[in-house]
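Take a look at the structure:
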C-alpha cells in the first residue's frame, strides 16, 4: 500500500511541478516599438531630398514577420494635398537589406507611401525577439510647397506572429512637423552697409514678414546661435537661425542633441523670443546638461523649458538582468511622470518620456527579483487565466486520485 501511495505522491508532485512551470512561464504581449530616430525640423524651397530615419524594435519576446509599412507625408492641417514625393526607401533587417525606388513607391492613397516590406525582404522579413529593423525614407518637396507651410511625416507598420497569422500587430512612430523655409539669398551684389552689432559666436535672425517669394526686414534682431556642444557633426539639434519671427515664437518639437550622449525632443512649443531665453541662449549649455547617464535642466533659470519631452540617451551599456531605474533628483520615479522606458540592447539606446524637467539619472545597479524575472501577467489576461484553470485542474485530478485510493483501501479493511 505504501509503495502505491508513494508512487501516487510522486505522480502528483510531477503534475504540480508541470502546472507551476506552466503558470510561471513568462508571457509577453506581442508588442513592437517604432521610433523616429532622425528628421529635420525644416526644409528649404528647392532643397535636396529630405531624409527621415526610423528604428523598429521587436519587444514582444517572440519572432515577428514584417508585413508592410506606410510612410505618411502631407501638409498640416490640410491632408488633401501632397507635400512630399517619395524618392527612395531603404530597409535593413539583420544582414538583409532592400532599397525601393521609382515604381515601387507608387500607389496607395494620396498622402502615404505603401512600403511592401515583406515583399521587398523576401525570406528575410522575420524580426527576431529583441531584434530591430531600420528604415531610411528619402523625399523631395512638392512643387506647390511654399515658405511657411508645415509638413507632417511619420511611419506605421504591421507585423504578424508566424504562429498566428490571423492577427496583425500595429506600430506607429511619433509624428514630426517640418517647416518649409526660404532658400538662402544667393544675390552676389555688394551688400548694403549695416550697423547691426552681433554678439561674438552668435547669429541673428531679423523680424520678418514672410511672403511666398521673399523676406522683408522689419525691425529688431534675435539671437539664435546655440553653444557649439549642441551643434557638433551629425547632430539633430533644431536650426533656429533658419526660422522667421513667427516661427521663433512657437518652435515645435525643439530638439537639443549631443551625438555622443543623447538628445531631448520637447513635446510642446517653446517661445524663443522671450527676454529670458534671448539672454541665455548663447550659454545654454550652462543651464542644460546632457551627459552619458544623466540629464538636467535648470528650470529655475529656464522655466520656458519645463515642458513634457522625449529623452534619448545613447551609449548605454546596461545590464538587462538588472532593473533599469530612472532617478529624479536622486530618488526613484514611481509615478507616471516618467514612462515609456525602452532600452535597445543592439543600439545601446535608452529612451523615456517625462512630463517636466529636473535632474534625471539612470540606475542599473539593482538585480531583478525572481518575480520580476518571471513577470507573470495580470489576472485579466486570457492566456494567464487559461493556465490558472489548467493548474487548478491538475491539482483537482491529483487530489481526487489520492482520495479515491485511500477510500478503496479503507473499504478493503472493513
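In this note's numbering, the protein residues as written are 10 to 423. Just so it is clear, CB atoms sit at the ideal spot from N, CA and C, and this is done for glycine as well.
Where residue i sits in the DSSP three-state scheme
i	result
residue 98	strand
residue 416	helix
residue 54	coil
residue 407	helix
residue 71	coil
residue 339	coil
residue 364	coil
residue 235	coil
residue 132	helix
residue 159	strand
residue 313	helix
residue 2	Lying outside 10 to 423, the shown extent of the chain, residue 2 is not represented and no answer is given.
residue 320	strand
residue 188	strand
residue 35	Since pLDDT at residue 35 reaches only 40, below the 50 mark, its modelled position is unreliable, and the value read off the structure follows with that caveat. In the structure shown, residue 35 sits in coil (DSSP, three-state: anything other than H, G, I, E or B).
residue 41	strand
residue 332	coil
Reference residue i, options the options, closest by Cα
i	options	result
residue 509	123, 305, 137, 352	Because the chain here runs from 10 to 423, residue 509 falls outside it and cannot be looked at.
residue 168	246, 308, 262, 79	79
residue 327	313, 336, 302	302
residue 73	45, 41, 94	41
residue 308	366, 329, 339	366
residue 162	171, 148, 175	148
residue 182	265, 48, 244	48
Rounded separation between residue i and residue j - CA only
i	j	result
residue 380	residue 331	Here residue 380 scores only 47 on pLDDT, less than 50, and its place in the model is too uncertain to base an answer on.
residue 401	residue 407	10 Å
residue 348	residue 409	48 Å
residue 257	residue 277	13 Å
residue 361	residue 414	59 Å
residue 304	residue 405	55 Å
residue 385	residue 372	Note on residue 385: pLDDT 44, under 50, position unreliable in the model; no value is reported.
residue 262	residue 85	15 Å
residue 300	residue 173	43 Å
residue 58	residue 314	31 Å
residue 273	residue 285	20 Å
residue 354	residue 412	52 Å
residue 37	residue 176	Below a pLDDT of 50, predicted positions are generally treated as unreliable, and residue 37, at 40, falls in that range; no measurement from the model is reported.
Test: residue i CB closer than 9 Å to a CB of chain B
i	result
residue 298	Looking at the structure shown, chain B is missing, and only one protein chain is on hand.
Limits of the unbroken beta strand (DSSP E) element including residue i
i	result
residue 121	121-124
residue 173	173-181
residue 110	105-110
Contact test: residue i Cβ vs the ligand ATP heavy atom, cutoff 8 Å
i	result
residue 332	Absent from the structure shown: the ligand ATP. Ligands present: none.
| request: Count the CB pairs spanning the stretch 154-162 and the stretch 125-142 that are closer than 8 Å, and state whether there are at least three. | output: no
| request: Count the CB pairs spanning the stretch 43-63 and the stretch 102-109 that are closer than 8 Å, and state whether there are at least three. | output: no
| query | Taking one C-beta from the stretch 340-360 and one from the stretch 279-287 each time, how about it: are there three or more such pairs within less than 8 Å? | reply | no
| message | Under 8 Å, with one C-beta from each stretch per pair, do the stretch 230-244 and the stretch 289-297 reach the 3-pair mark? | response | yes
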